[in-house]
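Visitor: Pasting a structure here, questions to come.
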Amino acid sequence: MDIEEGTPPRRLRTLPSRLTNQAALAANRIVDRALAEAGARRYHYALLAASEEYGPSSQAALGRRTGIDRSDMVATVNELAERRLLDRSPDPEDRRRNIISITAAGRRELTHLDELLAAAQEDFLAPLGAADRRTLTGLLTRLVNHHRGEQR
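Written as structure tokens, this is what we have:
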């Protein structure tokens, strides 16, 4: 048998779950490398994007929208607040709670990160044409929604 040493068994090469995981690992490496150019991480991008899209929100609401665990959320908000990309202020309705808002500098940083991530997406999806990219995105969206319990 003349099979390259690094080639996984056929059963593994044809498992959609494994292929999805292998693609996700490659995508994560590419995205992490792109964000690192700006001294950012995925959690930073997620918080800036959610803050920009949804407006001022509690840390708990942002955590639910981004899937960031409570303990990671505090550290990430602290990092972005120190960089003046997010503003944290007491909630006037409940002084025990903080409201998080994106700053003008945070919007500029988000625009820069969007550009870096657009290039990362191009790198990741390089072997696919436009129609295949739309199909892949549609299929992945259906899978994610299904496994979240949504029907779309």
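Note that the UniProt record's numbering has the sequence shown beginning at 1, numbered continuously upward.
Built from N, CA and C at the ideal position, the CB exists for glycine as well.
Output the distance between the C-alpha atoms of A119 and L25, rounded to the nearest integer angstrom.
Guide: The residue labelled residue 119 in the question sits at position 119 within the sequence shown. The residue labelled residue 25 in the question sits at position 25 within the sequence shown. One alpha carbon belongs to A119, the other to L25, and they sit about 17 Å apart.
Visitor: Taking the Cβ atom as the reference point for each residue, do R41 and L35 lie within a distance shorter than 7 Å?
Guide: Your numbering for residue 41 matches position 41 in the sequence shown. Your numbering for residue 35 matches position 35 in the sequence shown. Yes, the Cβ-Cβ distance between R41 and L35 is below 7 Å.
Visitor: Do L62 and A75 have their beta-carbon atoms positioned less than 7 Å apart in this structure?
Guide: One-based indexing of the sequence shown puts residue 75 at position 75. One-based indexing of the sequence shown puts residue 62 at position 62. No; because the gap between Cβ atoms is not below 7 Å, this pair is not in contact.
Visitor: Is R95 helix, strand or coil by DSSP?
Guide: Here residue 95 refers to the residue found at position 95 of the sequence shown. If DSSP states are grouped into helix, strand and coil, R95 belongs with the strands.
Visitor: In whole angstroms, what is the alpha-carbon distance linking G55 and L80?
Guide: As a working mapping, residue 55 is identified with position 55 in the sequence shown. As a working mapping, residue 80 is identified with position 80 in the sequence shown. G55 and L80 have their C-alpha atoms roughly 16 Å apart.
Visitor: Which residue's Cα is closest to the Cα of H44: L86, G129, D123?
Guide: Taking the first residue of the sequence shown as 1, we reach residue 44 at position 44. It is L86.
Visitor: For L86, which three-state DSSP category applies?
Guide: Position 86 of the sequence shown, counted from the first residue, corresponds to residue 86. Strand at L86.
Visitor: Cβ atoms of E52 and I102: under 7 Å apart, would you say?
Guide: Numbered from its first residue, the sequence shown carries residue 102 at position 102. Numbered from its first residue, the sequence shown carries residue 52 at position 52. In this structure, E52 lies closer than 7 Å to I102 by Cβ.
Visitor: State the CB to CB distance for the pair A60 and F124, rounded to an integer number of angstroms; the pair is presumed to be in contact (CB under 8 Å).
Guide: Taking the first residue of the sequence shown as 1, we reach residue 60 at position 60. Taking the first residue of the sequence shown as 1, we reach residue 124 at position 124. With a Cβ gap of about 32 Å, A60 and F124 do not count as contacting.
Visitor: I need the straight-line Cα distance from R70 to V144, nearest angstrom please.
Guide: Numbered from its first residue, the sequence shown carries residue 70 at position 70. Numbered from its first residue, the sequence shown carries residue 144 at position 144. So the two alpha carbons sit approximately 22 Å from each other.
Visitor: Would you mind sorting S57 into buried or exposed? The rule is 16 or more other CB atoms within 10 Å of its CB.
Guide: Against the sequence shown, residue 57 aligns to sequence position 57. Counting Cβ neighbours within 10 Å, S57 comes out buried, since at least 16 surround it.
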